[in-house]
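Novice: Supplied in structure tokens, the structure appears directly below.
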Amino acid sequence: MHFKKMLAVLALCSPLGLVPAAHAQDVIKVGLIASFSGPFADYGRQMQAGIRTYMQQHGDIVAGKKIVIIARDTTGPAPEVAKRLAQELVVRDKVDFLAGFGLTPEALAAAPIAEQAKKPMIIMNAATSVITAKSNYIARVSMTLPQTSQPMGSWAAKNGMKKVVSLVADYGPGIDAEAAFKSSFTAGGGQLVESIRVPLRNPEFAPYIQRIRDAKPDAVFVFVPAGEQSIGFMKAYRERGLAEAGIRVIGTGDLTDDHVLNAMGDPALGAITTSHYSAAHDSPENKAFLKTYAAANPEAGRPNFMAVAAYDGMAAIYQVARQLDGKIDGDKAMAVLKGLKLISPRGPITIDPVTRDIVQTVYVRKVEKVGRELYNVEFDKFANVKDPGK
Ligand code: PHB
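This is the structure in structure tokens:
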């Protein structure tokens, strides 16, 4: 093993990754599969920080058992690695749950392992609609792209936008976002004049931005995976003078991801997005979440929607453990997860008992300066939104 890689593995082992020397029957093991290195390293870190927050608030013993997180790095996007890690976690580490999954291709690759092993698989981000249909043991506590994009299309049409160009990452969630936005926007009388798809790996936004400029739309609707790509898009948007040309930015909350929003700076001001979570969400649950998050993860910066989904995923796992009195069985766990209701830092959420997908409020937000920082300030909402494809 390379020295650098060894360090990374050691880092993952501490403090959440270590299996204590307890008897197997005394622990409940959660295999956390996500990228902790590479371009999507932030996804794993956000999830781990969200999990740590939940465990800080609620302790690590449930129904007399110690909850142990075994974190594994896909280095992704790397579906084949995610699949191998899921297999190893099930066979060798004998985990009770699989969890994590920031990227759709990794969730899809691991789904057959969950299905064969009858292991509950808690999706903490990956957001292509079809994922939950790939195994009866999958439950999603994050979102789906159609769930957030369809409200954006309705909002845009209602608020005077006539011509929009879409720009999405060319894989599952992007294609879902494009289709859902198009259906509600055109139903509201708008016209999607051009649909641009950009590669998932290392997209170069400048040429696409020029195409958008040439099409002279009222706005560009954007889905790119949260993080560095959002910064890349906003940089190109600024450099090519789209704002000056009167072309507004709308999109899903992935674009104005709380964790990188301040790094985007003023060009992000005024962007309208739809999403299930904003760090600015005003509720006692969110205030408590933010406070413990900062205390438990002093170096982590602001939590984003992935941290919240991981936090809620742990709440779901704790609920299963309590109801099954610490004896985890795949089918019985799924029976608890179906119909589960939680008050999340984002607001009330339910797991649909039929689809095992999340039902939640989708908020419309605008990037504004609050004090010296940028925030997604919620100003409208769509309550009880299901994944529209289901
Ligand atoms: C996904 O791969 O499903 C995904 C990744 C990043 C996002 C949303 C969805 O921000």
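Position one of the sequence shown corresponds to residue 305 (our numbering), numbered consecutively onward.
Idealized CB from N, CA, C, for every residue including glycine.
#1: What are the start and end residues of each continuous alpha helix (DSSP H) run of 4 or more residues lying completely inside the segment 548–616, in chain order?
#2: What separation, rounded to the nearest whole angstrom, lies between the Cα atoms of Q360 and L496?
#3: Would you call the segment 387–401 in contact with the segment 414–422, where contact means no fewer than 3 C-beta pairs closer than 8 angstroms?
#4: Give the straight-line distance between the Cα atoms of P381 and T448, rounded to the nearest whole angstrom.
#5: From this set, R676, D522, D558, which residue's C-alpha is nearest R669's C-alpha?
#6: Since K467 sits in a beta bridge, which residues does DSSP pair it with?
#7: Just to confirm the assignment: which complete alpha helix (DSSP H) runs, minimum length 4, are found wholly within the segment 355–380?
#8: Contact check, M638 vs Q350 under 8 angstroms by CB: the rounded distance?
#9: DSSP on D518, reduced to helix/strand/coil?
#10: Within a Cβ cutoff of 7 angstroms, which residues of the same chain sit near P521, ignoring the five residues on either side of it in sequence?
#11: Taking only three categories from DSSP, how would you classify M425?
#12: Grab the span of the alpha helix (DSSP H) containing D635 for me, first residue to last.
#13: Taking DSSP as the reference, what is the three-state secondary structure of Y512?
#14: Quick one: is the Cβ of D558 within less than 7 angstroms of any heavy atom of the ligand PHB?
#15: From the DSSP secondary-structure annotation, give me the bridge partner or partners of Y679.
#16: Under 8 angstroms, do V671 and N680 count as touching if we go by C-beta distance?
#17: Which of the three DSSP states is assigned to G404 in this structure?
#18: In the DSSP assignment, what residue or residues form a beta bridge with S648?
#19: Output the boundary residues of the beta strand (DSSP E) element that contains G335.
#20: Within 8 angstroms, do at least three Cβ pairs link the segment 640–649 to the segment 359–378?
#21: Quick one: Cα of M428 to Cα of Y512, how far?
#22: May I ask you to check if the CB of N429 is nearer than 7 angstroms to at least one heavy atom of the ligand PHB?
#23: For P409 versus Y347, is the C-beta spacing smaller than 8 angstroms?
#24: Please name the residue, chosen from A510, G569, P477, that lies closest to P529 on a Cα-to-Cα basis.
#25: Is the segment 581–601 close to the segment 417–436, with three or more CB pairs under 8 angstroms?
Specialist: On the basis of the data shown:
#1: 565–568, 588–600
#2: By one-based count along the sequence shown, residue 360 stands at place 56. By one-based count along the sequence shown, residue 496 stands at place 192. Cα-Cα distance, rounded: 46 angstroms.
#3: yes
#4: Taking the first residue of the sequence shown as 1, we reach residue 381 at position 77. Taking the first residue of the sequence shown as 1, we reach residue 448 at position 144. For P381 and T448, the distance between alpha carbons rounds to 18 angstroms.
#5: Translated into the one-based positions of the sequence shown, residue 669 becomes position 365. Comparing Cα-Cα distances from R669 to each of R676, D522, D558, the minimum goes to D558.
#6: Your numbering for residue 467 matches position 163 in the sequence shown. K467 is bridged to Q495.
#7: none
#8: As a first step, residue 638 must be located in the sequence shown, where it is residue number 334. As a first step, residue 350 must be located in the sequence shown, where it is residue number 46. No, M638 and Q350 are not in contact; Cβ-Cβ is about 26 angstroms, not under 8 angstroms.
#9: As a first step, residue 518 is located in the sequence shown; it is residue number 214 there, counting from the start. If DSSP states are grouped into helix, strand and coil, D518 belongs with the helices.
#10: One-based indexing of the sequence shown puts residue 521 at position 217. Cβ within range, chain order: K467, V468, V469, V497, I551.
#11: On the sequence shown, position 121 is the one that residue 425 refers to. Looking at M425 - three-state DSSP - the assignment turns out to be strand.
#12: Here residue 635 corresponds to residue number 331 of the sequence shown, with the count starting at 1. Secondary structure note for D635: its alpha helix (DSSP H) is the uninterrupted segment 634–641.
#13: As a working note, residue 512 is residue 208 in the sequence shown. Y512: helix per DSSP, three-state reduction.
#14: Along the sequence shown, read from residue 1 onward, the residue named residue 558 stands at position 254. Yes, the Cβ of D558 comes within 7 angstroms of a heavy atom of the ligand PHB.
#15: Within the sequence shown, numbered from 1, the residue matching residue 679 stands at position 375. Paired residue(s): E672.
#16: Reading the sequence shown from its first residue, position 367 is the one you call residue 671. Reading the sequence shown from its first residue, position 376 is the one you call residue 680. Closer than 8 angstroms, so yes.
#17: On the sequence shown, residue 404 is found 100 positions in, with the first residue counted as 1. Here G404 sits in strand by DSSP.
#18: On the sequence shown, position 344 is the one that residue 648 refers to. BP columns for S648 point to G651.
#19: Position 31 of the sequence shown, counted from the first residue, corresponds to residue 335. Unbroken beta strand (DSSP E) run through G335: 331–338.
#20: no
#21: If you number the sequence shown from 1, residue 428 lands on position 124. If you number the sequence shown from 1, residue 512 lands on position 208. The alpha-carbon atoms of M428 and Y512 are separated by roughly 31 angstroms.
#22: Reading the sequence shown from its first residue, position 125 is the one you call residue 429. Result yes, Cβ under 7 angstroms from the ligand PHB.
#23: Numbered from its first residue, the sequence shown carries residue 409 at position 105. Numbered from its first residue, the sequence shown carries residue 347 at position 43. It is not a contact, given that the beta carbons lie outside the stated cut-off.
#24: Locating residue 529 in the sequence shown gives position 225, where the first residue counts as 1. Looking at the Cα atoms, P477 is the closest of the given residues.
#25: No: the two stretches stay apart, fewer than three of their Cβ pairs being nearer than 8 angstroms.
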